[in-house]
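Sequential numbering of the sequence shown, starting at 2, is according to this note's numbering. See structure below.
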Amino acid sequence: MPSNPCTGLVGQALSPANLLLLVLLAGAPPSPAQSRAGRAPAAPISAREQADLETALSEAGSSPIEYLRALEKHLEKYPDSPRKEELERAAARASMEANDDRRIILYGERVLARQPDDLQILERVTRSLLAAESKESAERALKYALHYMDLIRKMQEGGGRSGSSAADWQNQTARGIGRAMAAAARATAILGRAEEALVMAQRAFDIWPSADTAREIARCYERLGKKEAAIRALADAFTIPDAKNTEADRARDRGHMGELYRQVKGSEAGLGELVLEAYDRNYALIHTRELRVRANDPNAQLTDPMEFTLSGTDGSKLSMATLKGKVVVFDFWATWCVPCRAQHPLYDQVKQRYQVNPDVVFLSIDTDEDREAVKPFLAEVHWPGQVYFEDGLSRALQIATIPTTIVTDRHGRVFSRMNGYVPSRFVELLSQRILDALGQ
2 MPSNPCTGLV
12 GQALSPANLL
22 LLVLLAGAPP
32 SPAQSRAGRA
42 PAAPISAREQ
52 ADLETALSEA
62 GSSPIEYLRA
72 LEKHLEKYPD
82 SPRKEELERA
92 AARASMEAND
102 DRRIILYGER
112 VLARQPDDLQ
122 ILERVTRSLL
132 AAESKESAER
142 ALKYALHYMD
152 LIRKMQEGGG
162 RSGSSAADWQ
172 NQTARGIGRA
182 MAAAARATAI
192 LGRAEEALVM
202 AQRAFDIWPS
212 ADTAREIARC
222 YERLGKKEAA
232 IRALADAFTI
242 PDAKNTEADR
252 ARDRGHMGEL
262 YRQVKGSEAG
272 LGELVLEAYD
282 RNYALIHTRE
292 LRVRANDPNA
302 QLTDPMEFTL
312 SGTDGSKLSM
322 ATLKGKVVVF
332 DFWATWCVPC
342 RAQHPLYDQV
352 KQRYQVNPDV
362 VFLSIDTDED
372 REAVKPFLAE
382 VHWPGQVYFE
392 DGLSRALQIA
402 TIPTTIVTDR
412 HGRVFSRMNG
422 YVPSRFVELL
432 SQRILDALGQ
């Protein structure tokens, strides 16, 4: 299924309803993606434990705190449960929803001991450890932050991800690396290495400018006794365009900045000019970054599918604008998707029906995260014809599941969407929808 990785490279917290689903269905067969990742199916549990678990979680209501308590009671009652790993993972995620730092660390570190590459839990455990502001916690936080950063760098080197344009992917990975480096800087500062922490924080800001990182730079300068430099960093935190920067955050920055400025200058005369300079500096910084990203990705911030440029597995480029005036049939698939393989011969039957019609174009769109897997797969299954990578088109067309077949009319508007397929009717349904689109 096409997905976007790194909400901020971290993903979304699970709702209590999804936590229930996660735990109760943990014994279901693994998905194709899980199978490729080597995830084994969960061990079965006794009927009694299953019943107790269902009852406890259903009575917990919608509160993540109550869910967490229910999970903890169940783990106390069944300390050797075959589902212990899944239950502890659910407890970690419930702790994250409840913003319970102690339990995030408790359950999160248990999960990381088994699955050290879980990005979401890595990030939250790191934050919770840093909140403790102890040297022992900072040592662990530093280890996790550096591992998180290494994982994101490897993902960045691996190229784009399904559902993301090149620009989106560049921003997501840069944000993840920048945040991880800022966390590492924070941990290093707590450990008493302020000079080293400052260098890391400045590098983090260069990679991904953010208010949090600017604050970390300010803290480092304060530790080093450089108040004027700390004031400039706080002005950056106060003015930088950052969706995560709340009014409460900015109010605290303003108050602390004013306090330091008065200590250095005796009054706040001149502070306004310094803040305006920071505003101009950061606006130019963000604007220049956006221009650079857009220059490297023709699909950056596009929403109209017919304006995209797609890259083929053979290195060719297809400008969708050249297909305006034609009915276009998109087949979104992936190498690991078993239903996609089953659908392909039926899709080919429809292509054969319209192969002599110059007003109908069929596009095979691969959504794999690992692009290196595509060519060997095509050679193995002997699928003829050109294949294109989705290059962010999944986002524009809101592809949530695969296989998905989309038909656009001569004006580039979505005329038909088929999520999944019914084998007995697929050929006739798709053929008729293409015919109807031609008649528009």
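For glycine and all other residues, C-beta sits at the position ideal for the given N, C-alpha and C.
Query, Result
"Beta-carbon separation (whole angstroms), L143 vs A188, contact threshold 8 Å", "4 Å"
"Whole-angstrom distance between G193 and E223, CA atom to CA atom", "13 Å"
"Strand pairing of I407, partner residues [DSSP]", "F331, R418"
"Supposed contact pair D392 and F309 - C-beta distance, whole angstroms, cut 8 Å", "7 Å"
"CB contact flag (A212, I241, <8 Å)", "yes"
"Inter-residue spacing [alpha-carbon to alpha-carbon] between R434 and V351", "11 Å"
"Buried versus exposed call for T247 [16 or more other C-beta atoms within 10 Å across all chains shown]", "exposed"
"Sequence-distant residues of its chain with Cβ nearer than 7 Å to P359 (five each side left out)", "none"
"Reduced DSSP secondary structure (H/G/I, E/B, other) of Y389", "strand"
"Selected residue, minimal CA-CA separation from L364, among V408, Y149, S417, R204", "V408"
"Runs of alpha helix (DSSP H) lying entirely within the segment 167-244, each at least 4 residues, in chain order", "167-191, 195-208, 212-224, 228-240"
"Classification of S425 by the beta-carbon crowding that lies within 10 angstroms, buried from 16 upward", "exposed"
"S32 to N420 span [Cα, whole Å]", "Residue placement at S32 is flagged as unreliable, the pLDDT there being 36, under the threshold of 50; the coordinate-derived value follows with that caveat. Spanning the two alpha carbons is a distance of roughly 18 Å."
"Residues of its chain near A252, where Cβ-Cβ distance is below 6 Å and the 5 sequence neighbours each way are ignored", "none"
"Contact check, G413 vs K318, beta carbons under 8 Å", "no"
"Under 8 Å between C-beta atoms of I218 and A195", "no"
"6 Å CB neighbourhood of D102 in its chain, flanking five on each side removed", "S129, A132"
"Runs of beta strand (DSSP E) lying entirely within the segment 284-318, each at least 3 residues, in chain order", "310-312"
"C-beta atoms of C341 and P385 nearer than 8 Å", "no"
"Cβ pair G259, L272 closer than 8 Å", "yes"
"Close Cβ partners of L22 (< 7 Å) along its chain, the five nearest in sequence each way excluded", "Because the pLDDT of L22 is 44, which lies under 50, any placement of that residue in the model is unreliable, and the question is left without a value."
"Burial state of L277, where buried means 16 or more other Cβ atoms lie within 10 Å", "exposed"
"Length of the line joining the Cα atoms of A114 and Y79", "21 Å"
"Outcome for A38 when other beta-carbon atoms lying within 10 angstroms are tallied against a minimum of 16", "Confidence is the limiting factor: at A38 the pLDDT is only 41, short of 50, which leaves the residue's position unreliable and the question unanswerable from this model."
"Extent of the continuous beta strand (DSSP E) run through L324", "Looking at the DSSP string, L324 is not in any beta strand (DSSP E), and its letter there is neither H nor E."
"Residues near R175 in its chain [Cβ-Cβ closer than 6 Å; skip 5 each side]", "The identity of residue 175 in the sequence shown is Ala, whereas the question assumes Arg. Contacts found: I208, W209."
"Same chain, Cβ closer than 6 Å to L26, neighbours up to 5 away in sequence not counted", "Reliability fails at L26, whose pLDDT of 42 lies under 50, so the model's placement of it is uncertain and no value is given."
"Nearest neighbour of R220, chosen from K245, A184, D243, A335 [CA to CA]", "A184"
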